[in-house]
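Undergrad: Quick one: the structure is below, and I'll ask about it shortly.
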């Protein structure tokens, strides 16, 4: 890679999941071809490449969980599985001619802002490069988080995280412990339950689970969607519209979520007859506070005789004995952590050094803060896709990603319009104003008032992940870059040049 | 031309009689009417008016400055006494051509001036930012009630919530060829609503109405179409001279967000004046403030060689309006 030494590109995109590939498509559509997509692994797909645990599927209908510019009339199911979503992303990569831009095995090791040259210096596993603009599409669900369990190193069996599934390790006939009851765990449990000897589920907090209206999409529908694209668009619009209407209940009127709770309770009652188990599975907080999970198979699987529920977290490991925080002890051969990801402490943040010589992680030590979910003060020409407060509780992240891509496109357009060697740096006042508004709106939302601790909240209890509004509102807020919110950075000029406006004329 | 002059003929808004008038030929051959007011050897101020206006629009500012400044005003093509150009002659490039032509014709060789532009006149200055003539002639600039892009979407004449809806509605308004008809209390009210602050006096509204109604509908529509699609952020970003921005907080055509954007983009930005409660027609609504900023720019950036940097007052606080107490010292020793 020596010949790529000191290579310069207009835009460097980090990550090749939905965000990174979407950014690449948008850049090409904008007429920008001088860009690279840096990917640490050897193929595209991001979260949908890494998470290939048994039963992995999306809990947003596929017709909505796909790019608006890359419709796919042939989605096999309402809620398509991971292999289909990954294949979709591979196809997007080919269809839009993104392969030449991809740089695999190029994990970004560091990013440093060069204030004199107004560009980013990027160190990657495949060599250094420089870029005018960096688009960080590393995603919130990319780096698995495994809790620090004392004695875990003494465990003789296999330990894996849901996002790093070891397919060489068969679970058939094994005693398996699953830690966590989030979106991944509730898909893993029913998928592996039939083949394992014994499945123990460690549950700190019971999740709310709603029935999932999953079914195969019929050949007739696929035919119709292929022949008459308007029907596909209408289907997407309907899926979107329903979710937009729900947002108000999450953000402004959590009391209205009672109806959903009744639905979820009914779902539980139908599948679980044992009153003790039912009690353990009934959440003690408002629905929606943690992510609402959709599954028809989770509760029935838990009711099976080879499944035990430990209504406590995993406290300690002593050899092959797992000790729950309630003192219960279980023997296991394999531990599966469905414990989520580093969401509120984006790992890339530690590798980004901005204009003031501090890292993004240092700037964000009291909580992530960005302007319109994209740019951070002191980090010029650095945009995040799925940045702070752009997550959703109930709808498709692709909508948010596309809104952010609009913002990215306008950002680059403004750079072009201004011309020359310049950079835009978010004004701290604008960032504060944006976040003040968000946090004010956040105060009433179910995520903050629902009485739970979720991955939406950071270490200080601040919600820095979810967007407290509809996707339509976010799209409107990010349709354009308001230059009033940015400082325009120009290359430093010599003192004589700089003062020519004042001193030269006034004095001389 | 018309039976009735397209401006008021008495009071503070009546255009003063120029010291001399001249006809300037622009790059594409277009003829432009220009006026020079004030003493020949005083520091020069060149003013460019906005859409549907004319030299008469600057009357109160000219009155405030002409005693001790050489003030050059000109009619943008199609407006006032400058004949309309063929359709191809309507572009921001043409505006820039016209401005540099006026600078060359009305100023002495080597003479520099402070430029003032209102609305489309401000865009004229931005459009000309890359011209060597402008760099040679302009010492500083004041951009009044103007913006660099997205006027149709940012304007608030139609207070629609959706940006796309606003964009469509304002584009229709800007490109409309509908005749304004004879002046009436209704048309004056509409004009006041769209362009002036709630506190604008009847005389101010009447002065603007006379000027705006005097603009032919075809000219209005052609330039309106240019404004609807204007993108001069790059021009503003290349305006390498001390520049101040001024805006009325109740401006519906170029709201303060536009001014703040200019403040971000201008490479040598020197200050933003927000005039509370004023609308788009700042030079008519508060000529003292506009003249005051121009005066301050002249004092700070147009001092002839040899004189002390600044006058008695600090540059930040401009002395207000007309009848300056015995001619500013800027005057005496001009080049």
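Protein chains in written order, with the working numbering: chain A, 27 to 534; chain B, -16 to 318. Each residue gets a CB set at the ideal place from its N, CA and C atoms; glycine is no exception.
Starting from residue 251 of chain A and walking both ways along the alpha helix (DSSP H), at which residues does that stretch end?
TA: Unbroken alpha helix (DSSP H) run through residue 251 of chain A: 245 to 253.
Undergrad: Under 8 Å between C-beta atoms, does residue 9 of chain A make it to chain B?
TA: Residue coverage of chain A in this structure runs from 27 to 534, which leaves residue 9 of chain A outside it and unanswerable.
Undergrad: Closer than 8 Å, CB to CB, is residue 115 of chain B near chain A or not?
TA: It does not; no Cβ of chain A falls within 8 Å.
Undergrad: Between the region 248 to 270 of chain B and chain A, which residues of the former have a C-beta closer than 9 Å to a C-beta of the latter?
TA: Listed by position, the residues of the region 248 to 270 of chain B near chain A (Cβ gap below 9 Å) are 248, 249, 250, 251 and 253.
Undergrad: Helix, strand or coil: how does DSSP classify residue 200 of chain A here?
TA: Residue 200 of chain A: coil per DSSP, three-state reduction.
Undergrad: Considering Cα atoms alone, identify which of A/76, A/344, A/163 and A/56 is closest to residue 412 of chain A.
TA: Out of A/76, A/344, A/163 and A/56, A/163 has the C-alpha closest to the C-alpha of residue 412 of chain A.
Undergrad: So, helix, strand or coil for residue 385 of chain A, using DSSP?
TA: DSSP places residue 385 of chain A in strand when its eight states are reduced to three.
Undergrad: Say yes only if the C-beta of residue 45 of chain B is nearer than 7 Å to one or more non-hydrogen atoms of the ligand NAP, and no if none qualify.
TA: This structure simply doesn't include the ligand NAP, nor any ligand for that matter.
Undergrad: Check whether the Cβ of residue 240 of chain B lies closer than 8 Å to any Cβ atom in chain A.
TA: At least one chain A Cβ lies under 8 Å of residue 240 of chain B.
Undergrad: For residue 216 of chain B, I'd like the list of residues in its chain whose CB is within less than 8 Å of its CB, leaving aside the five on either flank, ordered along the chain.
TA: Around residue 216 of chain B: 131, 132, 244 and 248.
Undergrad: Of the choices B/120, B/262 and B/77, whose alpha-carbon is the least far from that of residue 177 of chain B?
TA: Here the closest residue by C-alpha is B/262.
Undergrad: Report yes or no: do three or more beta-carbon pairs, one from the region 136 to 149 of chain B and one from the region 108 to 126 of chain B, lie closer than 8 Å?
TA: Because the criterion of three Cβ pairs below 8 Å is not met, the region 136 to 149 of chain B and the region 108 to 126 of chain B do not touch.
Undergrad: Going along chain D, which residues have a C-beta under 9 Å from residue 214 of chain B?
TA: The chain labelled as chain D is not found among the protein chains of the depicted structure, namely A and B.
Undergrad: In chain order, what residues of the same chain lie with their CB nearer than 7 Å to the CB of residue 198 of chain B, ignoring the 5 residues before and after it?
TA: For residue 198 of chain B, where only same-chain residues beyond five positions count, the Cβ hits under 7 Å are 35 and 62.
Undergrad: Between the beta-carbon of residue 37 of chain A and the beta-carbon of residue 161 of chain A, is there less than 8 Å?
TA: Cβ atoms of residue 37 of chain A and residue 161 of chain A: closer than 8 Å.
Undergrad: Count the C-beta pairs between the region 73 to 86 of chain B and the region 11 to 24 of chain B that are closer than 8 Å, then say yes if the count reaches three, no if not.
TA: Because the criterion of three Cβ pairs below 8 Å is met, the region 73 to 86 of chain B and the region 11 to 24 of chain B touch.
Undergrad: Measuring only the C-alpha atoms, how far is residue 504 of chain A from residue 54 of chain A?
TA: C-alpha separation (whole angstroms): 20 Å.
Undergrad: My understanding is that residue 364 of chain A touches residue 211 of chain A, with C-beta atoms under 8 Å, so please give their C-beta distance in whole angstroms.
TA: Right, their Cβ atoms sit about 3 Å apart.
Undergrad: So if I threshold CB-CB distances at 8 Å, which residues from the region 140 to 170 of chain B count as touching chain A?
TA: If the cut-off is 8 Å between Cβ atoms, the region 140 to 170 of chain B has 145 and 146 near chain A.
Undergrad: Tell me whether residue 416 of chain A is buried or exposed, calling it buried when 16 or more other Cβ atoms sit within 10 Å of its Cβ.
TA: The residue in question, residue 416 of chain A, is buried, as its Cβ has 16 or more Cβ neighbours within 10 Å.
Undergrad: Measure the alpha-carbon distance for residue 248 of chain A versus residue 81 of chain A and round it to whole angstroms.
TA: In a straight line, the C-alpha of residue 248 of chain A is about 23 Å away from that of residue 81 of chain A.
Undergrad: Mind pulling the beta strand (DSSP E) runs of 3 or more residues that sit fully within the region 238 to 275 of chain B?
TA: If we require 3 residues or more, the beta strand (DSSP E) runs fully inside the region 238 to 275 of chain B come out as 252 to 258.
Undergrad: Name the residues in the region 495 to 517 of chain A whose C-beta lies less than 9 Å from a C-beta of chain B; which are they?
TA: Here the close residues are 502, 505, 506, 508, 509, 510, 511, 512, 513, 514 and 516.
Undergrad: Short of 8 Å Cβ to Cβ, which residues in the region 415 to 440 of chain A face chain B?
TA: Hits within the stretch, in order: 440.
Undergrad: Does the distance from the CB of residue 267 of chain B to the CB of residue -4 of chain B come in under 8 Å?
TA: In this structure, residue -4 of chain B lies closer than 8 Å to residue 267 of chain B by Cβ.
Undergrad: Check whether the region 345 to 363 of chain A touches the region 103 to 118 of chain A, taking contact to mean three or more Cβ pairs, one atom from each stretch, closer than 8 Å.
TA: No, the region 345 to 363 of chain A is not in contact with the region 103 to 118 of chain A.
Undergrad: Which ranges does the alpha helix (DSSP H) cover as unbroken runs of at least 4 residues, wholly within the region 172 to 234 of chain B, from first to last along the chain?
TA: The qualifying runs are 185 to 196, 200 to 211 and 216 to 220.
Undergrad: Using the beta-carbon of each residue, which ones in chain A are nearer than 9 Å to residue 243 of chain B?
TA: In chain order: 508, 509, 510 and 511.
Undergrad: Name the chain A residues whose beta carbon is nearer than 9 Å to that of residue 217 of chain B?
TA: Those are 442, 443, 444, 445 and 446, listed as they occur along chain A.
Undergrad: Using a Cβ distance threshold of 8 Å, determine whether the region 429 to 448 of chain A contacts the region 265 to 281 of chain A, with at least three qualifying pairs required.
TA: The region 429 to 448 of chain A is not in contact with the region 265 to 281 of chain A.
Undergrad: When DSSP labels each residue in this structure, what does residue -9 of chain B get in the three-state scheme?
TA: Coil.
Undergrad: So, residue 140 of chain B versus residue 153 of chain B, is the Cβ gap smaller than 8 Å?
TA: Taking 8 Å as the Cβ cut-off, residue 140 of chain B and residue 153 of chain B qualify as a contacting pair.
Undergrad: Under a Cβ-count criterion, where at least 16 other Cβ atoms within 10 Å of its own Cβ denotes burial, should residue 241 of chain A be classed as buried or exposed?
TA: Exposed: under 16 other Cβ atoms inside 10 Å.
Undergrad: Could you pull out every residue in the same chain whose Cβ sits closer than 6 Å to the Cβ of residue 286 of chain A, ignoring the five residues on either side in sequence?
TA: Taken in chain order, the residues that qualify are 313.
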